[in-house]
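Take a look at the structure set out below.
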Amino acid sequence: MAIAEMVDNAIQAEAETVEISVSETQREQHPLNISISDDGHGMDPTDLGRALSFGGSSRFNDRLSLGRYGMGLPNASLSQARRVDVFSWRDGKAHHCYLDLDEVAEERGQTLPAVVPIDSPPPLQGRDSGTHVELSRCDRLEYKRTSTIASKLGAELGRIFRQYIATGTSIWVNGELVEPLDHLFQSTPTGATQFGETLTYQLSGPSGFGVVEVRFTELPVLLWHRLAEAEKRRLGITGAPLVSVVRAGREVDRGWFLMGRKRRENYDDWWRCEIRFDPTLDELFGITHTKQQISPSPELRVAIEPDLESVARALNQRVRRHFEMAKSSTPLITAERTASRVKGSLPPLPNCTYGTAGAEIRRTAGPLLSDPDGAFQLCLAELSTTALYEFEFYAGTLTLFLNVRHPVLRDLFRPLALSDQLSDRAHATKLVLVLLAAARAEVRCGNDEILRSFRQEWSDVTSTFLNA
Ligand SMILES: Nc1ncnc2c1ncn2[C@@H]1O[C@H](COP(=O)(O)OP(=O)(O)O)[C@@H](O)[C@H]1O
Ligand SMILES: [Mg+2]
Numbered sequence: 003m004a005i006a007e008m009v010d011n012a013i014q015a016e017a018e019t020v021e022i023s024v025s026e027t028q029r030e031q032h033p034l035n036i037s038i039s040d041d042g043h044g045m046d047p048t049d050l051g052r053a054l055s056f057g058g059s060s061r062f063n064d065r066l067s068l069g070r071y072g073m074g075l076p077n078a079s080l081s082q083a084r085r086v087d088v089f090s091w092r093d094g095k096a097h098h099c100y101l102d103l104d105e106v107a108e109e110r111g112q113t114l115p116a117v118v119p120i121d122s123p124p125p126l127q128g129r130d131s132g133t134h135v136e137l138s139r140c141d142r143l144e145y146k147r148t149s150t151i152a153s154k155l156g157a158e159l160g161r162i163f164r165q166y167i168a169t170g171t172s173i174w175v176n177g178e179l180v181e182p183l184d185h186l187f188q189s190t191p192t193g194a195t196q197f198g199e200t201l202t203y204q205l206s207g208p209s210g211f212g213v214v215e216v217r218f219t220e221l222p223v224l225l226w227h228r229l230a231e232a233e234k235r236r237l238g239i240t241g242a243p244l245v246s247v248v249r250a251g252r253e254v255d256r257g258w259f260l261m262g263r264k265r266r267e268n269y270d271d272w273w274r275c276e277i278r279f280d281p282t283l284d285e286l287f288g289i290t291h292t293k294q295q296i297s298p299s300p301e302l303r304v305a306i307e308p309d310l311e312s313v314a315r316a317l318n319q320r321v322r323r324h325f326e327m328a329k330s331s332t333p334l335i336t337a338e339r340t341a342s343r344v345k346g347s348l349p350p351l352p353n354c355t356y357g358t359a360g361a362e363i364r365r366t367a368g369p370l371l372s373d374p375d376g377a378f379q380l381c382l383a384e385l386s387t388t389a390l391y392e393f394e395f396y397a398g399t400l401t402l403f404l405n406v407r408h409p410v411l412r413d414l415f416r417p418l419a420l421s422d423q424l425s426d427r428a429h430a431t432k433l434v435l436v437l438l439a440a441a442r443a444e445v446r447c448g449n450d451e452i453l454r455s456f457r458q459e460w461s462d463v464t465s466t467f468l469n470a
């Protein structure tokens, strides 16, 4: 959170690049240092002096963007380190200023930090202006290893600043570019899909009007339910906070918020919600100066909770239904095994990558499916097309997405798959093997437009026949 404060300041200074470095020094006590460099507009000596005094802000109570109270820089720094140095460059002139807790304790330090001109190169080479904040003698860090701190930082910052990263700000931690981490799991085709329209509210608080936008997504239960428990946890599917609250494009809190009387249940692991609001509505969200927490006001709750609660209940029902459907996936696993067992006697597949489900799909689905090294993967999916199946062929694995909405799946496969009779379940397996063979033939014959339209026609006419 402290580093996020520094990134806030960099972004607000219009930085395009923020470089964070976590390093270990030779010091015996508190060896860790963390620095944050940006290529923003920097500070003049007056601003620099003010920046390190508590409550010193060039934008006090301003609601345009990230900062507001001027508590960020000194507070955040000294919450982690015994000393903070700030260097800032602008118009070819550089200045330095610092706060040192140990000097203050020995009463050697001045009450107000002194700003002195310096001549050293800017932190980001080739940039005319910028700021470099160096936290030294970090004494409050939870972790001891620089690599651990760097990877935790990268993941957190990727999530907190996802919107800024997506629109062009680059953040680096120890030389690695931070990837945006999408709370809503929407960044890939096999990920989550938005549920319903975006809800928009025009609200007014003591500081004026502002907009609240709420989005819900549902995770692909049918694709991901087969993952091992530990894997689901590692990927942040289960046990993760569901509601992310985003102020001025930056995440300020996550947890279980504004869902009325609905309590969180296990099924609720499978959807996400993102609430975005304007800083003019800070009072309604009960945001504090640390920007780490919200505490929704009664007015806000009255305005949006009833809607959010009913969407949450609807999503919970849908997840339940998807888990019911997922129960019919056992024959798929049997079919995968059967197909893999005989794959040696099948005509060879070309050495290429393609599919109708989008080139991205396999790469993301890969680690999410049960057997990433298998030659065949079968999954149920709610496809956006009316096709009976879509597939992806990548790195030698054929992944088949069977459309649970199609009557072949709905009326033939499903009753067989859920039957008490072993022989019915064996027929379900054989049925999907027929479809797998068709997809495999498509791969062999080339990823052809004619084949695709054949499949679409065949799917649609089959639907009509079976629905008749
Ligand atoms: N990286 C930076 N680049 C330019 N100016 C900065 C930077 N960091 C801090 N400042 C200046 O220092 C002031 C104090 O920062 P801070 O304590 O975080 O308060 P706030 O962001 O709420 O204004 C800011 O208002 C800004 O003028
Ligand atoms: Mg700030």
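Under the numbering used here, the residue at position 139 of the sequence shown is numbered 141, and the numbers go up by one with no gaps. Ideal Cβ positions, reconstructed from N, Cα and C, are used throughout, including at glycine. Note that the structure is predicted; figures quoted are calculated from it, not measured.
Does Lys264 come out as helix, strand or coil in the three-state DSSP assignment? Along the sequence shown, read from residue 1 onward, the residue named residue 264 stands at position 262. Secondary structure of Lys264 (DSSP, three-state): coil.
Quick check on the burial criterion: 16 or more other C-beta atoms within 10 angstroms. Buried or exposed for Gln28? The residue labelled residue 28 in the question sits at position 26 within the sequence shown. Exposed, since its Cβ has fewer than 16 Cβ neighbours within 10 Å.
Please report the straight-line C-alpha distance between Ser330 and Ala383, rounded to a whole angstrom. By one-based count along the sequence shown, residue 330 stands at place 328. By one-based count along the sequence shown, residue 383 stands at place 381. Whole-angstrom Cα-Cα distance: 12 Å.
Under the rule that 16 or more other beta-carbon atoms within 10 Å means buried, what is Leu468, buried or exposed? For the purposes of this step, residue 468 is identified with residue 466 of the sequence shown, where counting begins at 1. So Leu468 ends up on the exposed side.
Uninterrupted alpha helix (DSSP H) stretches inside the stretch 72-124 (no shorter than 4 residues): Segments of the alpha helix (DSSP H) lying fully in the stretch 72-124: 74-82 and 103-107.
Mark Gln294 as exposed unless 16 or more other C-beta atoms lie within 10 angstroms of its C-beta, in which case mark it buried. As a first step, residue 294 must be located in the sequence shown, where it is residue number 292. Exposed, because fewer than 16 other Cβ atoms sit within 10 Å of the Cβ of Gln294.
Let's test the definition: count the other Cβ atoms within 10 Å of the Cβ of Pro369 and tell me whether it reaches 16, buried, or not, exposed. On the sequence shown, residue 369 is found 367 positions in, with the first residue counted as 1. With a pLDDT of 42 at Pro369, under the threshold of 50, the predicted position of this residue should be treated as unreliable, though the coordinate-derived value follows. A residue is called buried when at least 16 other Cβ atoms come within 10 angstroms of its Cβ; Pro369 does not meet this threshold and is exposed.
Measuring straight from C-alpha to C-alpha, what distance separates Ser79 and Ala53? Taking the sequence shown and counting its residues from 1, one reaches residue 79 at position 77. Taking the sequence shown and counting its residues from 1, one reaches residue 53 at position 51. Between Ser79 and Ala53, the C-alpha separation is close to 12 Å.
Would you say the beta carbon of Leu75 comes nearer than 6 Å to a heavy atom of ligand 1? In the sequence shown, counting from the first residue as 1, residue 75 sits at position 73. Yes, the Cβ of Leu75 comes within 6 Å of a heavy atom of ligand 1.
Compare the C-alpha of Leu50 against each of Pro33, Ala15, Phe89 and Ile22 and name the closest. For this step, residue 50 is matched to residue 48 along the sequence shown. Checking every option, the nearest Cα to that of Leu50 belongs to Phe89.
Pairwise C-alpha distance: Arg343 and Gln82: As a working note, residue 82 is residue 80 in the sequence shown. As a working note, residue 343 is residue 341 in the sequence shown. For Gln82 and Arg343, the distance between alpha carbons rounds to 57 Å.
Cα separation between Ala157 and Lys146? Against the sequence shown, residue 157 aligns to sequence position 155. Against the sequence shown, residue 146 aligns to sequence position 144. The straight-line gap from Cα to Cα measures roughly 17 Å.
Mind checking Asn405: buried by the 16 CB within 10 Å criterion, or exposed? Position 403 of the sequence shown, counting from 1, holds the residue named residue 405. Per the 10 Å Cβ criterion, buried.
Considering only C-alpha positions, which residue in the set Pro182, Met261 and Asn268 is nearest to Gly241? Here residue 241 corresponds to residue number 239 of the sequence shown, with the count starting at 1. Measuring from the Cα of Gly241, the nearest candidate turns out to be Asn268.
Under a three-way DSSP split, which group does Gly1 fall into? Only positions 3 to 470 of the chain appear in this structure, which leaves residue 1 out of reach.
Quick one: what does DSSP say Glu178 is sitting in, helix, strand or coil? As a working note, residue 178 is residue 176 in the sequence shown. Glu178 falls in the strand class under three-state DSSP.
Straight-line gap, Leu201 to Val216 (C-alpha atoms, nearest Å): Position 199 of the sequence shown holds residue 201. Position 214 of the sequence shown holds residue 216. If you draw a straight line from the Cα of Leu201 to the Cα of Val216, it is about 5 Å long.
Counting only the same chain and skipping the five closest in sequence on each side, list residues whose C-beta sits under 6 Å from that of Arg365. Locating residue 365 in the sequence shown gives position 363, where the first residue counts as 1. Unreliable placement is indicated for Arg365, whose pLDDT of 37 sits below 50; no coordinate value is reported for it.
Could you check whether the Cβ of Asn268 sits closer than 6 Å to any heavy atom belonging to ligand 2? In the sequence shown, residue 268 corresponds to position 266, counting from 1. Outside the cutoff, so no.
Between Gly1 and the rest of its own chain, which residues show a CB-CB distance below 7 Å, the 5 nearest in sequence each way excluded? Look at the range of the chain in this structure, 3 to 470, and you will see that residue 1 is not part of it.
Could you check the C-alpha separation between Leu68 and Ile151 for me, to the nearest Å? What you label residue 68 is simply residue 66 of the sequence shown in a count that begins at 1. What you label residue 151 is simply residue 149 of the sequence shown in a count that begins at 1. If you draw a straight line from the Cα of Leu68 to the Cα of Ile151, it is about 24 Å long.
Length of the line joining the Cα atoms of Thr148 and Glu26: Within the sequence shown, numbered from 1, the residue matching residue 148 stands at position 146. Within the sequence shown, numbered from 1, the residue matching residue 26 stands at position 24. Per the coordinates, the alpha-carbon of Thr148 lies some 7 Å from the alpha-carbon of Glu26.
For Arg427, the nearest candidate out of Ile335, Gln379, Val86 and Cys275 (CA to CA): Position 425 of the sequence shown, counted from the first residue, corresponds to residue 427. Out of Ile335, Gln379, Val86 and Cys275, Ile335 has the C-alpha closest to the C-alpha of Arg427.
Buried or exposed for Thr401, please, with buried defined as at least 16 other CB atoms from any protein chain shown within 10 angstroms of its CB. The residue given as residue 401 occupies position 399 in the sequence shown. So Thr401 counts as buried.
Could you check whether the Cβ of Asp49 sits closer than 6 Å to any heavy atom belonging to ligand 3? In the structure on display, ligand 3 does not appear, and the ligands it does have are ligand 1 and ligand 2.
Is it buried or exposed for Ile306, if we count other Cβ within 10 angstroms and need 16 for buried? Along the sequence shown, read from residue 1 onward, the residue named residue 306 stands at position 304. Buried.
Please report the straight-line C-alpha distance between Gly212 and Arg249, rounded to a whole angstrom. Counting from 1 along the sequence shown, the entry for residue 212 is found at position 210. Counting from 1 along the sequence shown, the entry for residue 249 is found at position 247. So the two alpha carbons sit approximately 11 Å from each other.
Following a CB-centred definition, is Asn35 positioned closer than 6 Å to any heavy atom of ligand 2? The sequence position of residue 35 within the sequence shown is 33, counting from 1. Flag unset: Cβ of Asn35 not near ligand 2.
Opening and closing residue of the alpha helix (DSSP H) in which Ser455 lies: Position 453 of the sequence shown, counting from 1, holds the residue named residue 455. Ser455 -> alpha helix (DSSP H) spans Glu451 to Asn469.
For Ala4, which option in Ile22, Glu18, Ala17 and Glu16 has the closest C-alpha, if you only look at C-alpha atoms? What you label residue 4 is simply residue 2 of the sequence shown in a count that begins at 1. The option with the nearest alpha carbon to Ala4 is Ile22.
Does at least one heavy atom of ligand 2 sit under 6 Å from the Cβ of Asn11? Numbered from its first residue, the sequence shown carries residue 11 at position 9. Checking the Cβ of Asn11 against ligand 2 gives yes.
Extent of the continuous beta strand (DSSP E) to which Thr399 belongs: Within the sequence shown, numbered from 1, the residue matching residue 399 stands at position 397. From DSSP, the beta strand (DSSP E) with Thr399 extends over Thr399 to Asn405.
Below 8 Å, how does it come out for the stretch 376-394 and the stretch 453-461: are there three or more Cβ pairs, yes or no? Verdict: yes, contact present.
Beta-bridge partners of Gly132, as assigned by DSSP: Position 130 of the sequence shown, counting from 1, holds the residue named residue 132. Partner(s): Trp91.
Between the stretch 343-353 and the stretch 410-428, can you find at least three pairs of beta-carbon atoms closer than 8 Å? These segments do not touch.
Hey, is Met3 close to ligand 1, as in C-beta under 6 Å from one of its heavy atoms? One-based indexing of the sequence shown puts residue 3 at position 1. Not so, every heavy atom of ligand 1 lies at least 6 Å from the Cβ.
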